[in-house]
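Colleague: Sharing a structure here in structure tokens format.
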Amino acid sequence: MAGQTIHPEGWAPALGYANGMLMPDGTLHVGGQIGWNRDKKFETGDFIGQMEQTLSNIVEIVRAAGGDVPDIGRLTWFVKDKSTYLAHQREIGDAYRRVMGRHFPAMSLVVVADLVEDEALIEIEATAFIGTESNP
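For the sequence shown, this note's numbering gives the first residue as 300, with consecutive numbering after it.
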């Protein structure tokens with residue numbers, strides 16, 4: 300049995316990738332999300348704003364698969380500027396909690412030279428487990 304593509308209602312089409320893949324065992328793989336909105340438009344060039352939008356995108360995908368924030372087990376962050384990340388720890392924590400509450404899954408942070416979308420300052424991918432009747 301193949302995985303099911305997860306695409307939140309009303310989002311612009313994902314071309315050449317899936318926003319999420321829900322596997323038969325309930326594992327949800329969320330592809331790297333960036334700080335644009337459902338129309339693939341950046342509303343801010345600010346790191347904190349993009350980070351909050353990125354996390355909101357992940358949560359929306361998880362919810363479209365039938366899960367919620369506590370189902371997220373892993374986040375991998377890719378940032379273009381380590382110094383920006385380190386200089387804004389308080390704001391990052393505040394924005395994180397606005398979206399994720401006090402749920403802190405396993406996380407990694409990777410500093411990268413660039414991201415595919417020029418305006419993107421951050422990309423985050425996630426793994427969640429969506430319980431089903433056969434996989435509680």
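Ideal Cβ placement from N, Cα and C applies to all residues, glycine included. Bear in mind the structure is a predicted one, so any value in this text is a computation, not a measurement.
1. Can you tell me whether Q349 is buried or exposed? The criterion is at least 16 other CB atoms within 10 Å of its CB, across all chains shown.
2. Hey, how far is the Cα of L321 from the Cα of S355?
3. Mind checking Q303: buried by the 16 CB within 10 Å criterion, or exposed?
4. Is the separation between the beta-carbon of Q352 and that of E424 shorter than 9 Å?
5. Hey, how far is the Cα of G366 from the Cα of V329?
6. Starting from the C-beta of V358, find all residues in its chain whose C-beta is less than 7 Å away, skip the five residues before and the five after it, and write them out in chain order.
7. Would S433 be called buried (16 or more neighbouring beta carbons within 10 Å of its own) or exposed?
Modeller: So, to answer that:
1. Indexing the sequence shown from 1 puts residue 349 at position 50. Counting Cβ neighbours within 10 Å, Q349 comes out buried, since at least 16 surround it.
2. Taking the sequence shown and counting its residues from 1, the one referred to as residue 321 is at position 22. Taking the sequence shown and counting its residues from 1, the one referred to as residue 355 is at position 56. Approximately 18 Å, taken between the alpha carbons.
3. Reading the sequence shown from its first residue, position 4 is the one you call residue 303. Label assigned to Q303: exposed.
4. Mapped onto the sequence shown, residue 352 falls at position 53. Mapped onto the sequence shown, residue 424 falls at position 125. No, the Cβ-Cβ distance between Q352 and E424 is not below 9 Å.
5. Locating residue 366 in the sequence shown gives position 67, counting from the first residue. Locating residue 329 in the sequence shown gives position 30, counting from the first residue. Roughly 12 Å separates the two Cα atoms.
6. Looking up residue 358 in the sequence shown gives position 59. V368, V398, listed in sequence order.
7. Start at 1 with the first residue of the sequence shown, and residue 433 comes out as number 134. Per-residue confidence for S433 stands at a pLDDT of 47, beneath the threshold of 50, marking its modelled position as unreliable; no derived number is given.
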